[in-house]
Ligand code: JTA
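Residue numbers (the numbering used here): 8 to 638.
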């Protein structure tokens with residue numbers, strides 16, 4: 008399902024409209040995400056958009072801060088209904104590369120790469136034009152076609168040159184020098200909610216943020232063994248993120264891949280005998296293993312990290328991601344009973360219940376280890392999804408009904424709550440039905456508006472934050488960022504009603520306006536957006552597969568996927584509400600909560616369109632001077 012793919016580009020500028028064919032199916036209502044029209048939607052055809060230079064010359068490496076070029080209106084309602092895919096491909100090409108060329112730490116990304124090679128053409132050429140079709144030793148996907156060599160794309164060889172980027176020249180700029188300096192972030196931070204470091208930001212915006220290398224650093228513990236739960240893996244890259252002294256310690260990969268994808272995953276790990284696997288059962292169609300969690304077992308104890316990032320380089324490079332990192336959980340004294348070490352939020356019980364749901368022998372020793380630790384310092388609630396059809400009391404174990412129960416029990420009614428907006432922010436969208444009552448307002452919003460035992464069933468504003476085409480075009484990654492925003496045209500065209508809820512991705516306060524979100528957050532804000540009634544960070548996108556959907560006259564809930572997130576409620580922090588921290592960087596030690604994007608959210612204007620990943624964008628070049636042409 009998620010093999011690192013290399014995007015290729017073509018030099019030719021032929022018309023792309025002729026390639027589109029008409030949908031062969033319009034029944035993807037059951038599809039969790041990025042509904043497809045292929046006959047085997049759970050095994051999407053693997054192909055990649057062509058990501059190529061724009062037809063008109065643009066300045067080399069446009070600045071990010073100023074919009075690089077004038078944009079024409081989006082291919083407004085191009086005959087969208089007659090367009091169809093081909094590409095349900097996983098775009099997040101993960102490439103294994105050597106970080107030897109150093110990036111000069113600088114306030115802005117644009118044009119600051121050391122060893123920048125000019126082609127002299129005046130074009131912002133895609134690096135991928137002279138892609139040799141394979142990132143050394145790593146491409147497991149299709150072998151991309153090689154573009155005819157062009158003199159314009161010839162590059163001067165530099166020492167230690169890294170593989171050619173499928174994403175353009177900025178893709179492989181080095182992380183700044185201080186990027187891997189294991190900054191121990193304020194670990195006394197009461198929330199323990201962190202953003203990922205983003206390459207290309209002014210360093211002040213990365214202070215208090217964490218890279219995967221920080222998380223795995225010996226400063227956090229002397230690693231004995233780890234387990235990595237995720238969706239997408241680049242095993243070689245992952246192994247390289249561990250400090251050398253821990254690099255050969257056992258790692259258990261918990262994944263959902265089947266058949267060919269599983270074979271490719273196992274193949275990736277051939278050189279690493281310390282890497283072991285656990286395949287999560289996925290017995291319901293279109294379910295996926297989205298959960299992103301690290302279990303870290305140390306000499307000193309045990310730690311849990313629940314993140315939104317895949318284990319591929321692209322996810323830790325220029326995207327907005329988030330995580331909760333647990334405190335170091337000490338080992339319980341010998342002879343303690345297993346039910347000791349519980350937190351006021353029952354985190355230990357709930358984590359064990361989540362792991363038990365896999366019914367996987369490979370997880371038994373992890374379950375036993377967790378039992379032997381003291382998780383009592385945990386202040387968050389665990390909210391997971393595991394696949395199944397649940398009835399009776401089991402309905403409240405997973406997904407949005409679990410969140411509803413927690414909000415019912417652990418938040419309080421607020422006067423004027425009918426004016427407290429719900430905000431949902433995500434990176435993909437499933438098929439939600441022909442109108443809002445089918446799931447979004449009928450079911451999901453009911454959960455999101457639960458505040459204690461209040462019987463007020465009001466419908467406060469619902470703000471949905473999802474990047475627009477313009478957000479993606481002007482992002483650090485450019486259009487390839489859209490490869491991790493897999494909202495499909497087939498799904499989008501059936502739910503145009505949804506788009507009226509949409510708000511832009513804007514994150515100036517965290518410096519992340521140009522780092523496209525792969526984080527997913529849900530929260531309830533005060534009318535002036537200065538307070539939060541609760542906050543939830545999760546792997547769950549806006550889909551029924553992730554959150555669950557009621558069936559059989561609401562006597563049953565059906566969940567397709569594995570998801571995991573943590574819920575913050577003020578009562579667990581002896582607070583009434585969480586203050587939103589205004590400008591959190593450099594890290595403030597206030598009691599404010601860092602919301603990853605700007606509040607209040609900004610509505611789409613009439614000319615804004617949500618990013619849809621499988622239609623072409625050729626009206627304006629992205630920050631790398633390229634256009635997006637799905638094949
Ligand atoms: C692109 C994806 C995840 C996740 C899952 C993705 C798809 C496309 C990015 C991603 N699925 N897809 O769990 O993080 O089509 O399934 O980042």
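No residue lacks a Cβ here, since even glycine has one placed at the ideal position from N, Cα and C.
Keep in mind the model is a prediction, meaning the values are calculated, not measured.
Handout entry: Candidates 545, 490, 413, 594: closest to residue 577 by CA position
Key = 413
Problem - Continuous alpha helix (DSSP H) assignments of at least 4 residues falling wholly in the region 234-284 - result: 242-248, 266-275
Handout entry: Buried or exposed (CB count within 10 angstroms, at least 16 for buried), residue 423
Key = exposed
Handout entry: Paired residues, beta bridge with residue 366 - DSSP
Key = Its beta-bridge partners do not exist; DSSP assigns none.
Handout entry: DSSP-derived helix/strand/coil call for residue 323
Key = helix
Exercise for the section: Please classify residue 430: does DSSP put it in a helix, a strand, or coil? Expected result: strand
Problem - Residue environment, residue 295, which counts as buried when at least 16 other CB atoms sit within 10 Å - result: buried
Exercise for the section: May I have a chain-ordered list of the beta strand (DSSP E) segments no shorter than 3 residues that lie completely inside the region 521-558? Expected result: Annotation: the region 521-558 contains the following complete segments of the beta strand (DSSP E) (minimum length 3 residues), in chain order: 527-532, 538-545, 556-558.
Practice task
Consider the C-beta atom of residue 285 and the heavy atoms of ligand 1; say whether any pair is separated by less than 7 Å.
Solution key: Remark: the shortest separation between the CB of residue 285 and any heavy atom of ligand 1 does not fall under 7 Å.
Exercise for the section: Please name the residue, chosen from 277, 406, 466, that lies closest to residue 242 on a Cα-to-Cα basis. Expected result: 277
Exercise for the section: Mind checking who residue 310 pairs with in its DSSP beta bridge? Expected result: DSSP lists 303 as partners of residue 310.
Problem - Neighbourhood of residue 592 by C-beta distance below 6 Å, restricted to the same chain and skipping five residues each side - result: These residues qualify, in order along the chain: 211, 212.
Practice task
Indicate whether residue 2 and residue 517 have their beta-carbon atoms separated by less than 8 Å.
Solution key: A question about residue 2 goes unanswered here, because the residues of the chain that appear run from 8 up to 638.
Practice task
Taking the CB atoms as reference points, tell me whether residue 619 and residue 496 lie closer together than 8 Å.
Solution key: yes
Problem - Through-space distance from residue 342 to residue 433, alpha-carbon basis - result: In this structure, the CA atom of residue 433 is about 44 Å from the CA atom of residue 342.
Handout entry: Straight-line Cα distance separating residue 269 from residue 600
Key = Take the alpha-carbon of residue 600 and the one of residue 269: they are about 39 Å apart.
Exercise for the section: Mind checking who residue 409 pairs with in its DSSP beta bridge? Expected result: DSSP output for residue 409 lists no bridge partner at all.
Practice task
Mind checking which residues open and close the alpha helix (DSSP H) that includes residue 6?
Solution key: Since the first residue of the chain shown is 8 and the last is 638, residue 6 is not available in this structure.
Problem - Given 8 Å, three or more beta-carbon pairs between the region 229-239 and the region 251-264 - result: yes
Exercise for the section: Take the Cβ of residue 357 as the centre, count every other Cβ of all protein chains shown within 10 Å, and call the residue buried at 16 or more, exposed below. Expected result: buried
Practice task
Determine the burial state of residue 475: buried for a count of at least 16 other Cβ atoms within 10 Å of its Cβ, exposed for fewer.
Solution key: buried
Practice task
Alpha carbon to alpha carbon, how far is residue 556 from residue 408? Give it in angstroms, no decimals.
Solution key: 9 Å
Practice task
Look at the Cβ atom of residue 463, then the Cβ atom of residue 425, and state whether they are nearer than 8 Å.
Solution key: Between residue 463 and residue 425, the C-beta gap is smaller than 8 Å, which places the two residues in contact.
Problem - Assigned exposure category for residue 637 - 16 Cβ within 10 Å defines buried - result: buried
Exercise for the section: Per DSSP, which residues does residue 510 bridge with? Please list them. Expected result: For residue 510, which the question treats as bridged, DSSP gives the partners 472, 610.
Practice task
Rounded to whole angstroms, what's the CA-CA distance from residue 573 to residue 405? Just pull it up for me.
Solution key: 12 Å
Practice task
Tell me whether residue 327 counts as near ligand 1, meaning its Cβ is closer than 7 Å to at least one heavy atom of that ligand.
Solution key: No heavy atom of ligand 1 is found nearer than 7 Å to the CB of residue 327.
Practice task
Kindly indicate which three-state DSSP category residue 626 falls into: helix, strand or coil?
Solution key: coil
Problem - Alpha-carbon to alpha-carbon, residue 625 and residue 274 - result: Pairing residue 274 with residue 625, the inter-Cα distance amounts to about 37 Å.
Practice task
Could you tell me whether any non-hydrogen atom of ligand 1 is closer than 7 Å to the CB of residue 295?
Solution key: yes
Handout entry: Three-state secondary structure assigned by DSSP to residue 58
Key = strand
Exercise for the section: Compare the C-alpha of residue 491 against each of 351, 623, 317, 605 and name the closest. Expected result: 317
Handout entry: Top-ranked residue by Cα proximity to residue 361, from 390, 335, 271
Key = 390
Practice task
Please confirm whether residue 486 and residue 633 have their CB atoms less than 8 Å apart.
Solution key: yes
Practice task
Have a look at the DSSP bridge pairing and note the partners of residue 602.
Solution key: Note: residue 602 sits in no beta bridge, so no partner.
Practice task
Tell whether a beta-carbon distance below 8 Å holds between residue 292 and residue 261.
Solution key: no
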